[in-house]
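Reading through the structure tokens given below for one structure.
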Amino acid sequence: MIPVSQLWTVTCQNERDRRRAEERLGRLVARWTRRLRRARVSR
1 MIPVSQLWTV TCQNERDRRR AEERLGRLVA RWTRRLRRAR VSR
């Protein structure tokens, strides 16, 4: 059985990684939407 402390640290790490991934994804989406909007306007 996994110790609770170890499980907690793993959970915290996963949460941090998930948040970082979401931030990166959000930034990527924002960049793409800006680019698409600019391309649509320029046309």
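Per my numbering, the very first residue in the sequence shown carries number 1; after that it's consecutive.
For every residue, glycine included, the Cβ atom is placed at its ideal position computed from N, Cα and C.
One Cα belongs to residue 7, the other to residue 21, and the distance between them is close to 21 angstroms. CA-CA distance, residue 37 to residue 23, rounds to 21 angstroms.
Our two residues, residue 4 and residue 19, have alpha carbons roughly 22 angstroms apart in a direct line. When rounded, the separation of the alpha-carbon atoms in residue 32 and residue 39 is 10 angstroms.
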